[in-house]
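Heads up, the sequence shown is in our numbering, so the first residue is 10 and it goes up one at a time.
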Amino acid sequence: MCRTNSYILQLIFCLSLFAAQGQSTASKIPISDVLEQITKTHAIKFNYESSLLKDITVVPVSNELSLSATIKNLEKQTHLVFEKVSDFVYTITKAIRFCGYIKDFELQEPLSGATINGKFAYAITDENGYFDIELKALNEVLTIRHIGFKTIERQARFFNLEDCGTISMLIQQEVIAPVLIETYLVRGIDKRQDWTTSIDYERFSLLPGLIESDVLQTVQALPSILSVDETVSNINIRGGSHDQNLILWDDIKMYQTGHFFGLISSFNPLMTQTATVINNGTDVALTDGVSGTIHMQTDTQIDSKFNGVFGLNFLNTELFTNIPISQKSSLQIASRTSLDDIIRTPTYDVYFDRVTQDTEAENNDSNTTSASNQEFNFYDASLRWLYHPTNNDFIRLNFNIVNNDLSFNETANVNGALRTRSSNVSQNSFAIGLNYRRQWNDQLQSIINIYETDYKLQSLNADILSEQLFLQENVVSETSIKVDNSYEKNGWRFNLGYQFTETEVINLNDIDLPRFVRRDEEILREHGAFAQAWYRNPTNNFSVRGGIRANYLTRFETLIVEPRLSIRQSIGEHIEIEAQGEFKHQSTSQIVNFQNDFLGIEKRRWQLTDNDSIPIIRSKQASIGVIYKNSGWLLDAKGYYKRVNGITTQSQSFTTKYEFAKEKGSYDAYGFEFLFRKTFSNFNSWLSYSYINNTYTFEALEEIEFPSNFDITHSITLGTTYSSTSWNISAGINYRTGNPTSIPLNGNEIIDDDVNFDLANTERLQDYLRLDASAIYKFKISDKFHSEIGASIWNISNRENTINNYYRVNDNNTVDGFSRFSLGLTTNAVVRVYF
């Protein structure tokens, strides 16, 4: 009975629906009749194409509804678009379906999370970059936005509405200038219109001897940039010492640059995305670095997908991961640690021997047994948080920590008993920075950058025979805040800003027996105000940038004014001429008190100027160059002159004559640099040559003028790189003349138990020659994983290159000569997995 009743109820319900539908269908009338009735009722007129309303029927609208309610009812029934032209005229058109795919213009990868906003509707792209939106009119303005890319805003009529096409978005690059020369050396190294050299590791191919995207190794491939002792902690730009370089990591000044005490960069290559190298004509927003600037930057784009990289080579293991928090925020974490705790590879042994070469970790007194339990470890960790609270606001938070530790035991027979003491040296850095950017409108932008950077070098030297402990420390702590405002209009860009920096440097020497403690603490506060104008004409064949920076050092009540100028002019289609000049200063420098400072492993310590015995370093520099480019050929030639005042003998790495002198002076460097490059098919080949004449002037020394320790007169690099989808292969040769040095005076080598040297830097070490090669192969594991493997050979010929020398008087009252050498034949291999 219940089942029968259920069937009856279902039948009644179905019949009711059918009857209602039939009634609804039967009650529909042509829309033209309804429009005619509305025209009479509301005294208006409709404009439309006659074919548009053919076969369209609607349910009649009640005359009691208002005009606006009536039109909304008809739009809902027909999906037609009614647009009010005036109080008495409405137009009727079909709704426009607009679909497409949003992609990154440069990488041609889909952009998920892009927003497409119309007047009445909006859409968001999926993981394939696809969107679908309904528009009401061809003149409706569409706004397409994605964080990190330039906003697209135009009427619908200017898009391809016939099919689902591709729309490419350009990366938002407010600071980075457009490229002037692409593939300046190899793919990923470009010359930009702001007179800088840019390295983009997203597109980077390969350089000889390298399998890591090590910024401080990469820059040494550029003309006039090298390292006289083959380390990344002693990079010489146009004849300057390493402390004369401004090293920035995401706008944070870094005082430590190397792992393995200088053999590899301390900046994680998986986190560092781009680098900018500046030799001259520096932007007025930057201070310090009288020789040059190397600015490393992490990625500024928010990645909405979880991804990462795991890598392993013969020195360390590394990990990078991107963690999306939302469409507007992401977190990146990268870390690297040495393999010494797990396994010691042949590559690690070669690096370790190079670091400890001729130091207390290697050499011991005759009464002391060889060093034992030698342990060396390094690690670094980086964190970056990106947040776009709105389309006009961007926040970046950076954190970085770097550490190197070396320890060893020394054992000696003292009064018939063996005694063991431990010595160690550590070098570590901590940095945190906050960067906020506000785009007020299309023309005006403000950037606030705040950072805190700390560096500490410490060693504990245990002298077993004298039962003495010697503690040394060098500490740098710096805080800075900078505000930079820029305004762009009609080819002009104006910058106006202010920077405050406080730097504290502490040097400690603590000996327990006999008791001796000396602690020097210095603090310097500096205010900087800067203004700059940059003009580019509409055809972009002329550009000029000029500015001035005023710096006030409160401790010395000193004002330093620094003008800077850069000019570029195109002559025809293939030739560019550029001229640059700048004044700069810096208040920190590195000195060497004794060659055995910090166990002889890290001999340099940072110190602040006292504006007397340690002067403020000031530089003047000018250069002029010409660039020719055509059909894959590139010729870039420059001549320059640089004068730097305020250097000290202690900052110039003397190891022979004047090793213990403490005098102040200057150097003059003039030179010529040349780059010739040819690109054809998948090959890039280049030849670079640098000539420099670098001369010291020290009024208080025996020789007032003599060659600089960094006077590498001739330097030549020849290389070629093959790049394809799967392979990167590179090989090259590096040659340069030997470093200047001093030798004992023949026939009168010793005076008062010290070495008596001949004229300063009149001799040279043997010429430097190195052959390198490297290769990387990329392949796909699955849809979600791909990998690359690579190998490199450094110094293929295993040539014994001397990097410096020194002399000591022995127990027989004769002079012994010693030399330090660069890396011999060194191999490395890497495997990385991307997920």
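All C-beta atoms, glycine included, are put in the ideal place defined by N, C-alpha and C.
Under the three-state DSSP convention, the category residue i falls into
| i | result |
| --- | --- |
| S36 | helix |
| G31 | For G31, the pLDDT reaches just 42, beneath the cut-off of 50, and the residue's location in the model is therefore unreliable, although a value from the coordinates is still provided. If DSSP states are grouped into helix, strand and coil, G31 belongs with the helices. |
| I520 | strand |
| Q659 | helix |
| K465 | strand |
| A631 | strand |
| K337 | coil |
| V299 | coil |
| E191 | coil |
| S41 | helix |
| I47 | helix |
| G609 | helix |
| A250 | Here residue 250 turns out to be Ser, not Ala, going by the sequence shown. Coil. |
| L443 | strand |
Delimiting residues of the beta strand (DSSP E) encompassing residue i
| i | result |
| --- | --- |
| R829 | 824-830 |
| L562 | 551-562 |
| T488 | 477-498 |
| S590 | Note on identity: in this sequence residue 590 is Gly, with Ser being the wrong assignment. Looking at the DSSP string, the run of the beta strand (DSSP E) that includes G590 is 584-595. |
| N757 | Unbroken run through N757: none, as it is neither H nor E. |
| L144 | 139-144 |
| Y843 | 835-843 |
| S575 | 567-580 |
| H795 | 795-803 |
| G680 | 673-689 |
| D402 | 402-423 |
| Y777 | 777-789 |
Own chain residues within Cβ distance below 7 Å of residue i, not counting five before or after
| i | result |
| --- | --- |
| E162 | V150, T152 |
| N765 | P753, L754, N757, E758, I759 |
Proximal residues to residue i (C-beta, below 6 Å), its chain only, five neighbours per side dropped
| i | result |
| --- | --- |
| S575 | W204, G290, R554, Q589 |
| I584 | Y637 |
| I805 | L780 |
| H304 | L257, T285 |
| D209 | G197, T283 |
| I410 | A390, F439 |
| V635 | I586, A646 |
| N6 | The shown model of the chain, from 10 to 844, leaves out residue 6, and the question about it has no answer. |
Length of the line joining the Cα atoms of residue i and residue j
| i | j | result |
| --- | --- | --- |
| T618 | D402 | 39 Å |
| Y139 | L279 | 30 Å |
| N518 | D529 | 9 Å |
| Y264 | E513 | 12 Å |
| E611 | Q477 | 21 Å |
| Y698 | K647 | 11 Å |
| F848 | I520 | Residue 848 lies beyond the range of the chain shown here (10 to 844); nothing can be said about it. |
| T206 | S274 | 19 Å |
| R573 | V839 | 43 Å |
| N433 | Q383 | 10 Å |
| Q616 | A559 | 23 Å |
| S768 | E712 | In the sequence as presented, Ser is not what sits at residue 768; that position holds Leu. One C-alpha to the other measures close to 7 Å. |
| S750 | Y705 | For the record, residue 750 in the displayed sequence is Thr; it is not Ser. So the two alpha carbons sit approximately 13 Å from each other. |
| R545 | W501 | 7 Å |
| N702 | Y679 | 6 Å |
| Y744 | N814 | 19 Å |
Beta-carbon contacts of residue i that lie in its chain and below 8 Å, excluding the five residues immediately before and after
| i | result |
| --- | --- |
| V70 | V43, I47, T79, N82, L83 |
| N72 | Q46, T50 |
| G317 | L328, F329, T330, N331, Y843, F844 |
| T836 | F323, P355, T356, A800, S801, I802, W803 |
| V824 | P753, E758, I759, V764, Y816, R817, V818 |
Extent of the continuous alpha helix (DSSP H) to which residue i belongs
| i | result |
| --- | --- |
| K81 | 76-87 |
| P355 | 355-364 |
| G224 | Sequence check: residue 224 is Val here, not Gly. That run of the alpha helix (DSSP H) goes 224-227. |
Chain B within 8 Å of residue i, Cβ atoms only
| i | result |
| --- | --- |
| I101 | Going by chain labels, chain B is absent from the structure shown, which holds only one protein chain. |
query: Per the contact definition of three or more C-beta pairs closer than 8 Å, is the segment 107-119 in contact with the segment 129-148?
result: Remark: three or more beta-carbon pairs, one from each stretch, lie closer than 8 Å, so the segment 129-148 and the segment 107-119 are flagged as touching.
query: Counting Cβ pairs, one atom from each stretch, are 3 or more of them under 8 Å apart for the segment 283-301 and the segment 691-704?
result: The answer is no - the segment 691-704 does not touch the segment 283-301, with fewer than three Cβ pairs under 8 Å.
message: Three Cβ pairs or more, each shorter than 8 Å: is that satisfied between the segment 535-543 and the segment 499-509?
response: Result yes; three or more Cβ-Cβ pairs closer than 8 Å.
task: Could you tell me whether the segment 607-625 touches the segment 640-658, using the rule of 3 or more Cβ pairs below 8 Å?
output: Short answer: they touch.
query: Quick check: the segment 209-219 against the segment 731-748, are there 3 or more CB pairs under 8 Å?
result: The count of Cβ pairs closer than 8 Å, one atom from the segment 209-219 and one from the segment 731-748, reaches three, so the stretches are in contact.
Segment contact flag, the segment 456-464 with the segment 433-443, C-beta cutoff 8 Å, min 3 pairs: Taking one beta carbon from each stretch, the segment 456-464 and the segment 433-443 have 3 or more pairs nearer than 8 Å; the two touch.
query: Using 8 Å as the threshold, is the segment 352-367 in touch with the segment 317-337, meaning 3 or more CB pairs across them?
result: By the criterion of at least three beta-carbon pairs nearer than 8 Å, the segment 352-367 is in contact with the segment 317-337.
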